[in-house]
Amino acid sequence: MEKTMKTAIKAVIRKDIRSITVNRQLFITILVVPLVLTLIVPSIFMLVIHFAPEELTEFERILTLLPLTDQSVDTGRMVSTLVFNYILPLFFLMIPIMAASVMAAASFAGEKEQRTLETLLYGPLTVKQLFYAKVSASFLFSMLVSWSSFFVMLLAVETENYFLNGRFLIPGANWFAVMFLVSPAVSLIAIILIVRGSAKAQNMMEAQQKAAFLVFPVVLLLAGQFSGVMLFRVWMFAAAGAVLFIAAWILLKASLRNFNYEKLLL
Numbered sequence: 219m220e221k222t223m224k225t226a227i228k229a230v231i232r233k234d235i236r237s238i239t240v241n242r243q244l245f246i247t248i249l250v251v252p253l254v255l256t257l258i259v260p261s262i263f264m265l266v267i268h269f270a271p272e273e274l275t276e277f278e279r280i281l282t283l284l285p286l287t288d289q290s291v292d293t294g295r296m297v298s299t300l301v302f303n304y305i306l307p308l309f310f311l312m313i314p315i316m317a318a319s320v321m322a323a324a325s326f327a328g329e330k331e332q333r334t335l336e337t338l339l340y341g342p343l344t345v346k347q348l349f350y351a352k353v354s355a356s357f358l359f360s361m362l363v364s365w366s367s368f369f370v371m372l373l374a375v376e377t378e379n380y381f382l383n384g385r386f387l388i389p390g391a392n393w394f395a396v397m398f399l400v401s402p403a404v405s406l407i408a409i410i411l412i413v414r415g416s417a418k419a420q421n422m423m424e425a426q427q428k429a430a431f432l433v434f435p436v437v438l439l440l441a442g443q444f445s446g447v448m449l450f451r452v453w454m455f456a457a458a459g460a461v462l463f464i465a466a467w468i469l470l471k472a473s474l475r476n477f478n479y480e481k482l483l484l
């Protein structure tokens, strides 16, 4: 019986991921934000640093917050390090949130739109197992988009910086904390909240609208970085990731405990 359940959960996960990849409109929607944040935004920063050095004075206040290990007499090198290892990681957090919002919004709301929810409920999985399968599918897809975006951004930034400045940039510890802790935790929280909302929503648009507020904390953190109020260090990312993972675990347990047919069929 347990093997049958695992097989059914894997089947739901494969079906959800396939439904996103074959839907051109949704797939393009998911790709737009990563392309902007991994190619366009970093390229603008790199070009400004190289061709408009007079604009670097805007970063002077933030540069004073850099650790001594990142201090240098070369202002351009310092700004490149600041952008690559301190600013871009925060921009990057929008990618798992946006990818998760589209995928998770399509979970139960998409089933309702396609009139396949009843068929799914007649299957071997309980409603809680369906919830777990939907969350798992969205999480796996979100992480796939996040890691693919990271490698694309790394390739683009390193190539541009080498041709413009003749050197490569070394990814700092912030990136490891973001990729292994903060990004998965943020993605999981977003997915759980949106899948819960998707169960009550009548269509995907309604489910996605409820996810918009999840981007606001990231925007506020970016504003804090650019204003020079604070500079996120690796221990801050690690601590935030740990707290968010605990919050995600508590939220998942509470959601599984309270999720039932009545909420799904409202």
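Under the numbering used here, the first residue of the sequence shown is numbered 219, with each subsequent residue one higher. For glycine and all other residues, C-beta sits at the position ideal for the given N, C-alpha and C. It should be emphasised that the depicted structure is a prediction, and the values quoted were computed from it without experimental measurement.
Beta-carbon proximity check, residue i vs residue j, cutoff 8 angstroms
{"i": "Met296", "j": "Leu311", "result": "no"}
{"i": "Ser364", "j": "Ser401", "result": "yes"}
{"i": "Asn392", "j": "Phe463", "result": "no"}
{"i": "Ser360", "j": "Met321", "result": "yes"}
{"i": "Ala318", "j": "Ile227", "result": "no"}
{"i": "Ala351", "j": "Leu343", "result": "yes"}
{"i": "Asn379", "j": "Met264", "result": "yes"}
{"i": "Leu387", "j": "Glu376", "result": "yes"}
{"i": "Val370", "j": "Phe477", "result": "no"}
{"i": "Ala374", "j": "Ser261", "result": "yes"}
{"i": "Ala466", "j": "Leu406", "result": "yes"}
{"i": "Val527", "j": "Leu308", "result": "The structure shown does not extend to residue 527, since the chain spans only 219 to 484, so no value can be given for it."}
{"i": "Leu449", "j": "Ile280", "result": "yes"}
Integer-rounded CB distance, given that residue j should sit under 8 angstroms from residue i
{"i": "Val413", "j": "Phe349", "result": "7 angstroms"}
{"i": "Ile313", "j": "Pro252", "result": "5 angstroms"}
{"i": "Ser298", "j": "Ile267", "result": "6 angstroms"}
Exposure label - residue i; buried when at least 16 CB within 10 Å
{"i": "Trp453", "result": "exposed"}
{"i": "Gly459", "result": "buried"}
{"i": "Leu438", "result": "exposed"}
{"i": "Leu255", "result": "buried"}
{"i": "Gln205", "result": "Nothing about residue 205 can be reported from this structure: the residues present for the chain run from 219 to 484 only."}
Three or more C-beta pairs below 8 angstroms linking the segment 291-309 and the segment 229-246 = Too few Cβ pairs lie closer than 8 angstroms, so no.
query = Quick one: any contact between the segment 224-242 and the segment 261-271, if contact means 3 or more CB pairs under 8 angstroms?
reply = No contact exists between the segment 224-242 and the segment 261-271.
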